[in-house]
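For the record, in the sequence shown the residue sitting at position 76 is 75 according to numbering that gives the first Met the number 0, with numbers rising by one throughout.
Note that CB positions come from ideal geometry on N, CA and C, so glycine has one too.
Remember, it's a predicted structure, so these values are computed and weren't measured experimentally.
In what follows, a structure is listed as structure tokens, so that the remarks can point back to it.
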Amino acid sequence: MTDALAVHLNRSKHHAIEPASDSFETDGPFVVRIQNHGEGSHVHCSLSGDLATTATITDGNPFLEPDDVVDVPIDVRTDLRPARGTLELSTGYGRESVAVDVLVRESGALATSPIEHEQEDDGAEASRSTGAPVAAEDSTGPPETEYDTSTAVEAVRSSLQSFAPRADVWNVLLFVLAAIAIVIAAFAWGYFDSLAVKLGVVLVFATVQAAFLSLLRQ
0 MTDALAVHLN RSKHHAIEPA SDSFETDGPF VVRIQNHGEG SHVHCSLSGD
50 LATTATITDG NPFLEPDDVV DVPIDVRTDL RPARGTLELS TGYGRESVAV
100 DVLVRESGAL ATSPIEHEQE DDGAEASRST GAPVAAEDST GPPETEYDTS
150 TAVEAVRSSL QSFAPRADVW NVLLFVLAAI AIVIAAFAWG YFDSLAVKLG
200 VVLVFATVQA AFLSLLRQ
């Protein structure tokens, strides 16, 4: 059965418009049932708030004959509930008007007054502002391993020292002497055609090579 909001027109005086209640609740389409108690008059109906996008008035400007009763259907979209707004009724070209608070509930919800809804909203807001603190992020996981930079540098340096020759003063001097010996041996090899000289050059090369290998092993 469709819910109906009763409105009395021209009952207490001419152009008086009096709804049966200052607020109205429903969970679907409803009608504004206007009863005229006096002269013929136009009644203008309009919606505001969320109700303006949720509901649609089929005939928002009906004319009522004396003692006439007219139902003004208001269709409500089911995908935009709940919604709250105002139904405005006026007559006498706007000289007399009245507003009714309308709440369209979700289907099957219990009926409550708009005042109770406002109190519930205020209570929910207060709970959010004074609620329990958010739980701290769990930090009980395994600790991160710290990376020791000095240890890594020392390991790299040790590795390089194991492959490179020791560059002390005696090693440098030995390297210079070996280079001079190689130069002299190469000159003698090309300048003298004697077998003894060439054997001597080979001996020099072998000695320098042995010395260099010994240096690398240190």
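Problem set entry | Beta-carbon proximity check, I221 vs P28, cutoff 8 Å | Past the edges of the chain, shown from 0 to 217, lies residue 221, and the structure says nothing about it.
Problem set entry | Span of the alpha helix (DSSP H), counted from its first residue to its last, around T52 | Here the alpha helix (DSSP H) through T52 covers L50 to T53.
For this session: Name the residue from V42, T25 and D26 whose alpha carbon lies nearest to the alpha carbon of I33.
Result: V42
Problem set entry | Contact belief for D66 with V30 at Cβ below 8 Å, rounded distance in angstroms | With 8 Å as the limit, D66 and V30 do not qualify as a contact, their Cβ atoms being about 19 Å apart.
Exercise. Excluding five sequence neighbours on each side, which residues of the same chain lie with their C-beta closer than 7 Å to the C-beta of V207?
Worked result: A177, A180 and I181
Exercise. In chain order, what residues of the same chain lie with their CB nearer than 6 Å to the CB of T90, ignoring the 5 residues before and after it?
Worked result: H14, I16, S40 and V42
Exercise. DSSP state of G199, grouped into three classes?
Worked result: helix
For this session: Between the Cα of E105 and those of V99, L8 and A82, spot the shortest distance and give me the residue it belongs to.
Result: A82
Problem set entry | Outcome for T53 when other beta-carbon atoms lying within 10 angstroms are tallied against a minimum of 16 | Around the Cβ of T53, a 10 Å sphere holds 16 or more other Cβ atoms; the residue is buried.
Exercise. How far does the beta strand (DSSP E) with N9 in it reach, from first residue to last?
Worked result: Counting along the chain, N9 falls outside any beta strand (DSSP E), and DSSP gives it neither H nor E.
Exercise. Are the beta-carbon atoms belonging to L63 and L8 less than 8 Å from one another?
Worked result: Result yes, Cβ atoms of L63 and L8 sit closer than 8 Å.
Exercise. Is DSSP giving A184 helix, strand or coil here?
Worked result: helix
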